[in-house]
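There are 6 protein chains.
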Amino acid sequence: MTSPATDQPPTRADGRAADELREVRITRGWLDHAEGSVLVEFGATRVLVAASVSEGVPRWRRGTGLGWVTAEYAMLPRATHTRSDRESVKGRIGGRTQEISRLIGRSLRAVIDYKALGENTIQLDCDVLQADGGTRTAAITGAWVALHDACTHLSGLGALAGEPLTGSVQAVSVGIVDGRPALDLNYAEDSTAEVDLNVVTDGEGRFIEVQGTAEGRPFDRAMMDALLDLAVVGCGRLAERQRAALEA
Amino acid sequence: MTSPATDQPPTRADGRAADELREVRITRGWLDHAEGSVLVEFGATRVLVAASVSEGVPRWRRGTGLGWVTAEYAMLPRATHTRSDRESVKGRIGGRTQEISRLIGRSLRAVIDYKALGENTIQLDCDVLQADGGTRTAAITGAWVALHDACTHLSGLGALAGEPLTGSVQAVSVGIVDGRPALDLNYAEDSTAEVDLNVVTDGEGRFIEVQGTAEGRPFDRAMMDALLDLAVVGCGRLAERQRAALEA
Amino acid sequence: MTSPATDQPPTRADGRAADELREVRITRGWLDHAEGSVLVEFGATRVLVAASVSEGVPRWRRGTGLGWVTAEYAMLPRATHTRSDRESVKGRIGGRTQEISRLIGRSLRAVIDYKALGENTIQLDCDVLQADGGTRTAAITGAWVALHDACTHLSGLGALAGEPLTGSVQAVSVGIVDGRPALDLNYAEDSTAEVDLNVVTDGEGRFIEVQGTAEGRPFDRAMMDALLDLAVVGCGRLAERQRAALEA
Amino acid sequence: MTSPATDQPPTRADGRAADELREVRITRGWLDHAEGSVLVEFGATRVLVAASVSEGVPRWRRGTGLGWVTAEYAMLPRATHTRSDRESVKGRIGGRTQEISRLIGRSLRAVIDYKALGENTIQLDCDVLQADGGTRTAAITGAWVALHDACTHLSGLGALAGEPLTGSVQAVSVGIVDGRPALDLNYAEDSTAEVDLNVVTDGEGRFIEVQGTAEGRPFDRAMMDALLDLAVVGCGRLAERQRAALEA
Amino acid sequence: MTSPATDQPPTRADGRAADELREVRITRGWLDHAEGSVLVEFGATRVLVAASVSEGVPRWRRGTGLGWVTAEYAMLPRATHTRSDRESVKGRIGGRTQEISRLIGRSLRAVIDYKALGENTIQLDCDVLQADGGTRTAAITGAWVALHDACTHLSGLGALAGEPLTGSVQAVSVGIVDGRPALDLNYAEDSTAEVDLNVVTDGEGRFIEVQGTAEGRPFDRAMMDALLDLAVVGCGRLAERQRAALEA
Amino acid sequence: MTSPATDQPPTRADGRAADELREVRITRGWLDHAEGSVLVEFGATRVLVAASVSEGVPRWRRGTGLGWVTAEYAMLPRATHTRSDRESVKGRIGGRTQEISRLIGRSLRAVIDYKALGENTIQLDCDVLQADGGTRTAAITGAWVALHDACTHLSGLGALAGEPLTGSVQAVSVGIVDGRPALDLNYAEDSTAEVDLNVVTDGEGRFIEVQGTAEGRPFDRAMMDALLDLAVVGCGRLAERQRAALEA
């Protein structure tokens, strides 16, 4: 998506080009005890991911020789502009929280070889410390790195029957802001976007999950195509950041 | 499932062509009291939708002059092959239930003019009496008809400030079965599908929601395109059934 | 209860005689998967009963060689004139729901030979699709037919140690409406009745359960006798409908 | 348990005649703060009833000028032979508890003139300190005395528009033990009874509530008549004890 | 509250000296079934303690050969001046209730030899029938006596591997009322106290628990010393009452 | 507490002297949106505190002209060595969590002038990101700084009627480790300590809260005195760190 001298698309409110990610930081080993841990930042969005390894699998999976990966997503009460009540205090988990937890779990399981993992469980806890849009995509992108480190830990213990990771996973949001496609929306953009599409890909740019919603009015096929193109570009760049973090 | 020499695609296990819907039945007025009610059937999938009209809107919306539409989805315990425990007995609503309830609500709100609706609320209850795949898409398709009847009811009361419906809404599932795209998956197909994509459109074939998951392995852009094409065809046919039901 | 030419009791608001049931319909096999299923209708009251068979019994009964039968009752939110909130959403089951579930279970267990049933469980789900008075009595009457079909299913599997059903079960409501005893109250009658009595009998007219409440003012022994007489007549007629349904 | 040659019925395990109550003690003013409070004992069954008066009525009743009476029943964990878990710890109230709470409330409301009570609420808390059968009937019998004292308290405040009590309320259990009707069953009798019938009457022996269950096998009309007769006798004697307690 | 010319401290509102306990009554065997039961009264505060013995220990302790002691504290709704809602009805246990339950359990476990107890569990249920300040300290003081009787019961069964009680436990509250230290505060004193300190000791006056809160303003070390001194005196007197009760 | 050349107390496992704090770091402004926010670290213990300001007070306090301060404490699931289940998923808040939340709230309210605060509420959220002993004392110490910044924010808005803070608050744990008093226990020390005492003071070393528990065996008055002395020293040093942080 070039921006020629004439006819160039306007930059966004925060100065980014339409196809530009926010600054992405992936800090490994943020916690002392977790088998994998990552503080992942997409701009001001800050998510702490902890990967916890445990021997054994949930009851319904026992004796199959297959492993399991699962995820939980949550926000601290003051991650957002105004404080939200704690779900523990309310005594029930909201629909949005459950939906995102399920999305993260499904996305990462797409690149797991359960047989190689053996009867081990990896639990990914994604806690949003600060939210500025894209918390679920940051969580998925960071969780993959924490998952990678947890697998390395298991490998060091000699607890694996092969390489459990069949590839990498990245996620990014795209949307229609002021009538134009834009990559990696921050909160201000997200709350005015006409369409919000979250895309999860593997390292080769193939789709793992696509979730799009017309917040304003229905959108046509041409716009769908433009959004999918943009998302695949963004995920490719996130894959590079993951690789860089693992080499650091 | 034979595939004859000539190039035609093989029929599916239940004899349908790849782009063929199951038999669709939309029975209006199934309940005596609800302001709109529909028994919608996609093959053996049977969903009872009740639209309940009430004056006023939720607290956070009062005094805005705008209406509200919301939805709840649930399954009877023996809608499925084996019995599931009731969520009322478990004391909590599962993630899947909440996710679908939210999807139905968002989908129908996409064609509502809140101002024309005035400070009235329409609650859509979608209860699955029997499940054979595609319960959420049947629910959305039927709910739009019940919503239509509830709007007519409100209009008869002189309670509207205009026409609240800006269009129609349909939904259908598509997936990759045995490596080929297929429309409107039943339970047997759904449980073996490699990809499962639910698409919600408006009456002009534009996208309201797209939710796709690679159950097996990631899928590429060409397959994405084929699935979206198929879904738009299916939604177009469902729009015809809705029109026929309203004229009946 | 004869109605002589002179002095004849007035017919009721819906044209029925004091000792007349509403139209009763019992439709078997309404669901594809349940081992027994019945749509039972007492006038506009419509209850879907599903009998689910499972091997094994609850933990506290294991190893006894005895079976178990249990029931759950619930109403769809728009079964009634005005919508009720879902108990799953409220996170707790109301007292009335639990009370009726327990009543249905006790009533049907009264005609079960646990030894003949063996260590199998039959779960009866009674979901009220539309309510117009008498939902619990319709549920019991229909549940017995679904239970019968589930036993036949188990028998076909060779899973029984004898005939588990020692008789049939019916239920009907009686009440004092405008000062006179009346059989099988509909909603309009029920909400103004001075006394509401639900009676469950076996096929020989003996009592299994009697639950009577003076909604208005206490009632005397003579009225109690008249109500019990009327209920036994009603249950006898319901037993005929059950037999007819089983022969259909 | 000998049954001598002459025709007299055998005494029961605890030496009582078939139509004999256990020792009944009604101690008023057991608590310092409650507007009415009673420790009621039926033999070893011991229930503490507190009547709490508050100005105002529940939201749904406001502005009607009518009062309200409601009840809650509960058991201390070690009221019984073996300890039961607390319902507060389990986080949900069991069906039996709710059923009895509702029964007590309905029974006492049967003798309340809401208009005379004015917009005041009386809450009856019935806590079983020790259980030996008949806890619900002891609770109702004692609650009426506490209710009486609470009305006297309101009267002293000049808060009433008349006499709220239109009569008295008593309750007793009857059952079939060893094939014979027996009055006021204790725990040992109750757990082997073939039929268990709880009867609530007003001071003139008319029925307020009748709840009978065939625990073993269905019972016929003659037995029903015998049980009702016995219950009315028992309630009459309880009415005497209530009067004596009020005069003490 | 006069303060005579000579230097003696003024008596309190209820006539007690600063270092004087309220009347303490410990009634053993208040329940028929519990292995230990005590009605303990500190003035108008009345707590029923039941000790329930069960074979076995919680899952996490199985196979260790060690026993377990645990406690639950609760208040009847009308124990207090104005009625409180039941925690079972609210569906959650309040922080205060849990805090006191934990305190009672910890305090009594301080004098238990788990090995001598063997794999048995003693559950202490402390239900406040009437509250007038000091409910937690009365509960602990009474619970120790019930615990003692439950141990005697176990000993009689030959179920012990030694003497499980290594000492006795008492508890009392002290506080600063009108600027002066006072022992065993009643409700009126407690609600105006500047500092509230609950002290649990063993029979030799050593500390098991100390929990102090400056309700008003922070207090200095000299006041802390005075309060601790007073508490130890009070606990010593309670130990005498416990001994007397055991000898009765 | 000097350590003379001979007879000097042994250093602790982590090399600290008995009266030495761990490294304390207080980082203000860790969050972008909260009116006050602090990342407080006591060694490896890391707590994120967010202070949220809102206009108005809880219902029971409205119209009094007085403000309110409250706190909630929680741990991320992998803050600890092994993962704990989320309280939101369990649907109930544990006793320990509630106890600490209440402690934090009470401690900070001890230095608030409600009148000066006016009808504003400050909510303190203390989320433990990593736990290594002393999480509640770190939370209190950090929360005071966040509270201070929130007050400054309110002052900047002109929303205060005076200076709401009447002093500062610090907290530290002391305990008996290997028979000797020690300050600011880490997890390893805490889990073997014979006594665990948490002390909250104001900036002048006066007591706000004292909570001590004999984990092992009861302790005597001399040890109590030594522990209190040590705690006051520790709190004094923490007050210096707070001052330094506010000047940074």
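Chains as they are written, first to last, in the numbering used here: chain A, 394 to 641; chain B, 394 to 641; chain C, 394 to 641; chain D, 394 to 641; chain E, 394 to 641; chain F, 394 to 641.
Even for Gly, the Cβ is constructed at its ideal location relative to N, Cα and C.
If we cut at 8 Å on Cβ distances, does residue i have a partner in chain F?
{"i": "E/Leu-621", "result": "yes"}
{"i": "A/Ala-437", "result": "yes"}
{"i": "A/Cys-510", "result": "Per the sequence shown, the amino acid found at residue 510 of chain A is Leu instead of Cys. Output row for A/Leu-510: interface = no."}
Measuring only the C-alpha atoms, how far is residue i from residue j?
{"i": "F/Leu-621", "j": "E/Val-462", "result": "30 Å"}
{"i": "B/Gly-460", "j": "B/Ala-554", "result": "11 Å"}
{"i": "D/Leu-550", "j": "E/Val-521", "result": "29 Å"}
{"i": "B/Phe-600", "j": "A/Thr-528", "result": "24 Å"}
{"i": "C/Leu-496", "j": "A/Arg-454", "result": "37 Å"}
{"i": "E/Val-482", "j": "C/Leu-639", "result": "44 Å"}
{"i": "D/Thr-457", "j": "D/Thr-514", "result": "13 Å"}
{"i": "F/Asn-591", "j": "F/Leu-576", "result": "10 Å"}
{"i": "D/Arg-452", "j": "F/Glu-512", "result": "28 Å"}
{"i": "E/Ser-447", "j": "F/Thr-545", "result": "57 Å"}
{"i": "C/Val-417", "j": "C/Tyr-580", "result": "16 Å"}
{"i": "D/Leu-414", "j": "B/Leu-469", "result": "48 Å"}
Residue i: beta carbon under 7 Å from a heavy atom of the ligand NAD?
{"i": "F/Ala-467", "result": "This structure does not include the ligand NAD; it has no bound ligands of any sort."}
Would you please verify whether the beta carbon of residue i is less than 8 Å from any beta carbon of chain C?
{"i": "B/His-426", "result": "yes"}
{"i": "D/Glu-582", "result": "no"}
{"i": "B/Pro-387", "result": "Missing from the structure shown is residue 387 of chain B; chain B here goes from 394 to 641 and no further."}
Looking at the structure shown, is residue i part of a helix, part of a strand, or coil, going by DSSP?
{"i": "C/Ser-445", "result": "strand"}
{"i": "A/Ser-561", "result": "coil"}
{"i": "B/Leu-432", "result": "strand"}
{"i": "B/Thr-545", "result": "helix"}
{"i": "F/Gly-568", "result": "strand"}
{"i": "C/Val-504", "result": "coil"}
{"i": "A/Asp-525", "result": "coil"}
{"i": "C/Ile-486", "result": "coil"}
{"i": "A/Met-394", "result": "Here A/Met-394 scores only 39 on pLDDT, less than 50, and its place in the model should not be relied on; the value that follows carries that caveat. Three-state DSSP puts A/Met-394 in coil, outside helix and strand."}
{"i": "B/Leu-623", "result": "helix"}
{"i": "D/Gly-555", "result": "coil"}
{"i": "F/Ala-411", "result": "coil"}
Closest to residue i by CA distance: which of the options is it?
{"i": "F/Gly-535", "options": "F/Gly-498, F/Thr-559, F/Asp-613", "result": "F/Gly-498"}
{"i": "A/Val-626", "options": "A/Gly-511, A/Asp-583, A/Gly-436, A/Val-565", "result": "A/Val-565"}
{"i": "F/Ala-443", "options": "A/Asp-577, A/Trp-453, A/Val-562, A/Arg-471", "result": "A/Arg-471"}
{"i": "C/Ala-641", "options": "C/Gly-422, C/Pro-451, C/Arg-454, C/Ser-584", "result": "C/Gly-422"}
{"i": "A/Val-538", "options": "A/Ala-552, A/Val-504, A/Asp-525", "result": "A/Val-504"}
{"i": "F/Gly-526", "options": "F/Gly-488, F/Ser-584, F/Ser-548", "result": "F/Ser-584"}
{"i": "F/Glu-587", "options": "F/Arg-452, F/Ser-561, F/Glu-597, F/Thr-606", "result": "F/Thr-606"}
Nearest chain E C-beta to residue i closer than 8 Å, yes or no?
{"i": "F/Gly-605", "result": "yes"}
{"i": "D/His-541", "result": "no"}
Spell out whether any CB of chain A is found under 8 Å from the CB atom of residue i.
{"i": "B/Gln-563", "result": "no"}
{"i": "F/Thr-473", "result": "yes"}
Taking 8 Å as the CB-CB cut-off, is residue i touching chain D?
{"i": "C/Ala-586", "result": "no"}
Would residue i pass as an interface residue toward chain B - the criterion being a Cβ-Cβ separation below 8 Å?
{"i": "C/Ile-486", "result": "yes"}
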